[in-house]
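Q:
Residue numbers (our numbering): 5 to 534.
(1) Can you look up residue 526 in the DSSP assignment and give me helix, strand or coil?
(2) Which class does residue 138 belong to by DSSP, given the choice of helix, strand or coil?
(3) How big is the Cα-Cα spacing for residue 295 and residue 482?
(4) Which one or two residues does DSSP pair with residue 271 in a beta bridge?
(5) Which of helix, strand or coil does DSSP assign to residue 398?
(6) In three-state DSSP terms, what is residue 50?
(7) Start and end of the alpha helix (DSSP H) containing residue 378?
(8) Can you look up residue 346 in the DSSP assignment and give me helix, strand or coil?
(9) If contacts are defined as beta-carbon pairs under 8 Å, then residue 394 and residue 441 qualify, I think. What distance do you get, rounded to the angstrom?
(10) Roughly how many angstroms separate the alpha carbons of residue 370 and residue 287, rounded to a whole number?
(11) Are the beta-carbon atoms belonging to residue 99 and residue 347 less than 8 Å from one another?
(12) Would you call the CB atoms of residue 53 and residue 126 closer than 8 Å?
(13) Sort 356, 278, 131 by Cα distance to residue 66 and report the nearest one.
(14) Which residue or residues does DSSP assign as beta-bridge partners of residue 605?
(15) Find the nearest neighbour of residue 115 within the set 327, 384, 431, judged by alpha-carbon distance.
(16) If you drop the 5 nearest sequence neighbours on each side, which residues of the same chain put their C-beta closer than 6 Å to that of residue 119?
(17) DSSP has residue 460 in a bridge; who is on the other side?
(18) Cβ atoms of residue 401 and residue 439: under 8 Å apart, would you say?
(19) Check this for me: beta carbons of residue 76 and residue 280, under 8 Å apart or not?
(20) Using a Cβ-Cβ cut-off of 8 Å (strictly less than) and excluding sequence neighbours within five positions of residue 452, which residues of its own chain qualify?
(21) Kindly provide the ranges of any beta strand (DSSP E) runs that are 3 or more residues long and lie completely inside the stretch 410-440, ordered along the chain.
(22) Are there 16 or more other CB atoms within 10 angstroms of the CB of residue 456, so buried, or fewer, so exposed?
(23) First and last residue of the alpha helix (DSSP H) that includes residue 103?
(24) Thinking just about the alpha-carbon of each residue, which of 142, 109, 153 is nearest to the one in residue 59?
(25) Taking three-plus beta-carbon pairs below 8 Å as touching, is the stretch 243-256 in contact with the stretch 299-312?
(26) Please say whether residue 310 and residue 258 have beta carbons closer to each other than 8 Å?
(27) Compare the Cα-Cα distances from residue 382 to each of 34, 526, 365, 409 and report the closest residue.
(28) What did DSSP end up calling residue 468 once you bin it into helix, strand or coil?
(29) Is residue 50 buried or exposed, if buried means 16 or more other CB atoms sit within 10 Å of its CB?
(30) Is residue 45 helix, strand or coil when you go by DSSP?
(31) Roughly how many whole angstroms lie between the Cα atoms of residue 158 and residue 396?
(32) CB-CB under 8 Å to residue 26, same chain, minus the five flanking residues each way: which ones, in chain order?
(33) Under 8 Å by Cβ, that's how I've got residue 364 and residue 42 pegged, so tell me the actual separation to the nearest angstrom.
(34) Tell me, to the nearest whole angstrom, how far the beta carbon of residue 356 is from that of residue 341; I am working on the premise that it is less than 8 Å.
(35) Given this structure, state the Cα-to-Cα distance separating residue 349 from residue 427, to the nearest angstrom.
(36) Does DSSP classify residue 208 as helix, strand or coil?
Take a look at the structure:
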């Protein structure tokens, strides 16, 4: 496993670690502006602005927010490539122009909102409403900094982290209170009526260890990448997720990389899959996302052993990532890919992009929702990258972005959206989101894959007697586990696409845009129907 060395960034970004106590949930009933909106999670002290917007627009935004007692400043700004990237050679000039076009079209700036009054609760949605009322032109280039979650809701619905049924901080099944609190109340986490590990016959059943929930297992399987024939061109699968932990399958593997750079600019954030996975030192609680990226990498390794894995961390250990950082990360990956294609250079090319993440937009029924993310996914498709995204785990039909782009009427959608199947391979998992925007289904319940061998949280065996004990439920020294979610159905399809690419002959090994598009089209055709 290769890990990119940290460098001094040439750009400021808003970081990948979202403070969970700076996350707000939009309340449609409390919103002053008319219009149909639905709940969504967002960072309450950040807004996103179209990248490269003139400084005059920044000033106008400040004027629009001043009556609310708010200040605004750029928390991140568009990257600028070093002079070494702009050579006089015609081919490099073409590459530089292509990269500049990507950054012009897709970069977003994060705008920080603050108040001099410490008692003033800053809220990005209220600020958005004010800007919409006073400056519609600015508002058209401004949007909430949504919180991206693993493919499945943490902020509402079944198993929501901050509200809804099973909410971590409140609501029915709240972690610290409410009906079904983690440590007490009716239906506590470890007991009672409807506890997290009790209650059968609901979508939450898949979260119970032994019924599809995350738990360690032993697997007597050799590394699938050993002794496999070298393909004419190894497909590159980019996994934008929580990172990659230590595991014998990946350590010292030259075909596995964590993190990347683009002309010295880091792509991605800290590797959340390193360490023991503990989220709360007081209780020893295992992080909800611990090992998520490593688990995904193992799924791809099993189904496409020859794939090169590029693991780009964006999630924090809390299982959160803000839209601005994800968008900037994807934009840099796209720019790096476009430059490599233009130069005919294999280093930097991406064949498949696996996204086990997303969010619920406040206007998700609007065909024009999330236009910036839609354009970015379309740009990946138009550059010959197969984008695969999980549909979400809330047993609902509300579109989950970016997987929702899989339902576009066009015959060539920008994203392949994937729901989860049960181990029988025919029935859809009860938790899996559905709707006409979910075009594919792949196994995503009780999946076995790799886990970081360092993960070992505070949960222990219930009985220990010398060398004898029951199973320690969060000790992953075996390196393998069972887990469920559309997060794991998506990489299964991504691996199928990569394997189709790996089986193509040497005539399809050239590095250029035409070949890349042809390879992607042929691979997608081999995936078949849902």
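All C-beta atoms, glycine included, are put in the ideal place defined by N, C-alpha and C.
A: Straight from the coordinates:
(1) helix
(2) helix
(3) 13 Å
(4) 264
(5) coil
(6) strand
(7) 375-386
(8) helix
(9) Not really, about 12 Å apart at Cβ, beyond 8 Å.
(10) 43 Å
(11) yes
(12) no
(13) 131
(14) Outside the shown range of the chain (5 to 534) lies residue 605, about which nothing can therefore be said.
(15) 327
(16) 73, 74, 126
(17) 479
(18) yes
(19) no
(20) 221, 223, 484, 485, 486
(21) 420-425
(22) buried
(23) 94-110
(24) 142
(25) yes
(26) no
(27) 409
(28) strand
(29) buried
(30) strand
(31) Low per-residue confidence applies at residue 158: pLDDT is 42, beneath 50, and the placement is therefore not dependable, though the value from the model is reported in the following sentence. Using only the alpha carbons, I get a separation of about 10 Å.
(32) 47, 48, 49
(33) 7 Å
(34) The pair is not a contact, with the Cβ atoms about 12 Å apart (cut-off 8 Å).
(35) 40 Å
(36) helix
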